[in-house]
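S.K.: Supplied in structure tokens, the structure appears directly below.
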Amino acid sequence: MRTPYYLYDLKLLDKTLQQLVFESNNYKIHYAIKANTDIRINKIIASYGLGADCVSGNEIKHALKCGFKAESIVFAGVGKTDQEIEIGLNNDISCFNVESIQEIEVINSIAKKMNKLARIAIRVNPNVDVDTHQYIKTGVNENKFGISIENLIDAVSQIDLCRCVELVGLHFHIGSQITNFRNFEFLAKKVNYILDYLYNEGVDIEHVNLGGGLGIDYENPQQNSFPDFHNYFNVFRDNLKISSHQKVHFELGRSIVGQCGDLVTTVLYVKEGASKKFAIVDAGMTELLRPALYGAKHSIEKCLPINLKKEKYDIVGPICESSDSFRKGYIIERLSRGDQLRIKSVGAYGQVMVSSYNLRDNPKVFYQNEGVSNDYPLKQTIVMN
Ligand SMILES: Cc1ncc(COP(=O)(O)O)c(C=O)c1O
Numbered sequence: 069m070r071t072p073y074y075l076y077d078l079k080l081l082d083k084t085l086q087q088l089v090f091e092s093n094n095y096k097i098h099y100a101i102k103a104n105t106d107i108r109i110n111k112i113i114a115s116y117g118l119g120a121d122c123v124s125g126n127e128i129k130h131a132l133k134c135g136f137k138a139e140s141i142v143f144a145g146v147g148k149t150d151q152e153i154e155i156g157l158n159n160d161i162s163c164f165n166v167e168s169i170q171e172i173e174v175i176n177s178i179a180k181k182m183n184k185l186a187r188i189a190i191r192v193n194p195n196v197d198v199d200t201h202q203y204i205k206t207g208v209n210e211n212k213f214g215i216s217i218e219n220l221i222d223a224v225s226q227i228d229l230c231r232c233v234e235l236v237g238l239h240f241h242i243g244s245q246i247t248n249f250r251n252f253e254f255l256a257k258k259v260n261y262i263l264d265y266l267y268n269e270g271v272d273i274e275h276v277n278l279g280g281g282l283g284i285d286y287e288n289p290q291q292n293s294f295p296d297f298h299n300y301f302n303v304f305r306d307n308l309k310i311s312s313h314q315k316v317h318f319e320l321g322r323s324i325v326g327q328c329g330d331l332v333t334t335v336l337y338v339k340e341g342a343s344k345k346f347a348i349v350d351a352g353m354t355e356l357l358r359p360a361l362y363g364a365k366h367s368i369e370k371c372l373p374i375n376l377k378k379e380k381y382d383i384v385g386p387i388c389e390s391s392d393s394f395r396k397g398y399i400i401e402r403l404s405r406g407d408q409l410r411i412k413s414v415g416a417y418g419q420v421m422v423s424s425y426n427l428r429d430n431p432k433v434f435y436q437n438e439g440v441s442n443d444y445p446l447k448q449t450i451v452m453n
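My numbering numbers the first residue of the sequence shown as 69 and each following residue consecutively.
See the structure below:
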């Protein structure tokens, strides 16, 4: 099979979804489609009754095509175009998560023209900092996302003035790949404060959407192939104070699909540099952008590790950019030309960011069969697209 290719383990996806459904109990979960838009994966997620969190008109159309119900689709994003708002209204989606006061006016005027009533949630920027890479923090004042607490009452007043929008919820999303649960505790406490504040101003809220952000274990994917859904939801059960009529929503992406994907690549060359050894592989930042974009570190395994002697390599791609590097000083069984490697935990924000930079071909996608063990080499795979 020609590498590089994405290889998904749908059995692991199923198990992850079963745990998620069990642990989330009466919370409503929307899958953040942006994490992985593979049709087969999205259909499986929809079959578990999850809603969809979309960030573009095309994602809304895609979610509908994959079986997500319009009444459980939410639409977020700081820069929704008029056409995208029309797509949301035409399909009677559950909610627009609005990110500015001007957006409220625009949705109202488009809804008026279409003779629709838009359900909206205000995305609040709660100014809660998190322990993650600065490019994937979204809930502090310097980020472009959401409406600040200082402008919240103005946003509510604007909604009151508009006849074709109704306020149904509050929305928060403070960042991604968060593994320090204290961050979520702070969020829950900040949300309590905001709900109290609005209640005292006479504003009652139907649902609170706490976004996504639950991180996965990139360093030890085999030992921790499931995220800690149990303790994650318990943070909110223990700290969030909501009334019995209020519903709690989440929008998880990475934690659902992150561990179910590998990127399989072949070593093209091994070369001795002045101070280090390079293993040059046939996958690059065009197939997996995360390391170049955020310095993300994925665990890498050698298929068929017969030569148990370990050595240190910089594992790099073929693209003409120095940032095209997967791991620096990585210790792995000795590598030779032709060896296959699996870059682990690429199910989220992997395939969706594939580009054709350097006029590269797009990687193929395979699904590990139900009957196939995790032993290398792979014996059976099904080509889907
Ligand atoms: C608004 C919103 N909700 C949910 C998510 C999903 O986050 P994660 O994949 O970390 O769960 C994102 C991702 O950036 C997002 O921007």
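For every residue, glycine included, the Cβ atom is placed at its ideal position computed from N, Cα and C. The structure displayed is predicted, hence computed values, not measured ones.
(1) Closer than 6 Å by C-beta to R191: which residues in its own chain qualify, once you throw out the five before and the five after it? Chain order, please.
(2) Identify whether M69 lies in helix, strand or coil by the three-state DSSP scheme.
(3) Determine the extent of the alpha helix (DSSP H) in which R358 is found, giving its start and end residues.
(4) Measuring CB atoms only, is the stretch 297 to 307 touching the stretch 355 to 364, in the sense that at least three cross pairs come out at less than 8 Å?
(5) Say yes only if the C-beta of D106 is nearer than 7 Å to one or more non-hydrogen atoms of ligand 1, and no if none qualify.
(6) Rounded to the nearest angstrom, what separates I107 and E269 at their Cα positions?
(7) Closer than 8 Å is the cut-off here; do at least three beta carbon pairs connect the stretch 402 to 410 with the stretch 364 to 379?
(8) Check whether the Cβ of L282 sits closer than 7 Å to any heavy atom of ligand 1, and report yes or no.
(9) Taking 7 Å as the line, does the beta carbon of V356 fall inside it for any heavy atom of ligand 1?
(10) Let me make sure I understand the geometry here. Which of S92, D285, F301, A103 has the alpha-carbon closest to that of Q419?
(11) Kindly say whether K315, judged by its beta-carbon, lies nearer than 8 Å to any beta-carbon of chain B.
(12) Which word fits T333, buried or exposed, when buried means at least 16 other C-beta atoms lie within 10 angstroms of its C-beta?
(13) Thinking C-alpha only, which one of K205, E379, K396, G280 is nearest A360?
(14) Going by C-alpha to C-alpha distance, which of S390, G415, S343 sits closest to Y381?
(15) Please report the straight-line C-alpha distance between I113 and H313, rounded to a whole angstrom.
(16) I need the straight-line Cα distance from L266 to T105, nearest angstrom please.
M.R.: Per the coordinate set shown:
(1) Excluding the 5 residues flanking it on each side, R191 has same chain C-beta neighbours closer than 6 Å at N165, E167, G214, H239, in chain order.
(2) Correct three-state label for M69: coil.
(3) DSSP places R358 in the uninterrupted alpha helix (DSSP H) bounded by 358 to 362.
(4) The answer is no - the stretch 355 to 364 does not touch the stretch 297 to 307, with fewer than three Cβ pairs under 8 Å.
(5) With a cutoff of 7 Å, D106 does not count as near ligand 1, since its C-beta is closer than that to no heavy atom of the ligand.
(6) I107 and E269 have their C-alpha atoms roughly 44 Å apart.
(7) A contact exists between the stretch 402 to 410 and the stretch 364 to 379.
(8) At least one heavy atom of ligand 1 falls within 7 Å of the beta-carbon of L282.
(9) The identity of residue 356 in the sequence shown is Leu, whereas the question assumes Val. Relative to ligand 1, the beta carbon of L356 is positioned no closer than 7 Å to any heavy atom.
(10) Ranking S92, D285, F301, A103 by Cα distance to Q419 puts A103 first.
(11) Annotation note: the requested chain B is absent from the structure, which comprises a single protein chain.
(12) Flag for T333 reads buried.
(13) When only C-alpha atoms are compared, the closest one is K396.
(14) Of the candidates S390, G415, S343, the one whose C-alpha sits nearest the C-alpha of Y381 is S343.
(15) Looking at the two C-alpha atoms, the distance is approximately 27 Å.
(16) Going from the Cα of L266 to the Cα of T105 covers about 36 Å.
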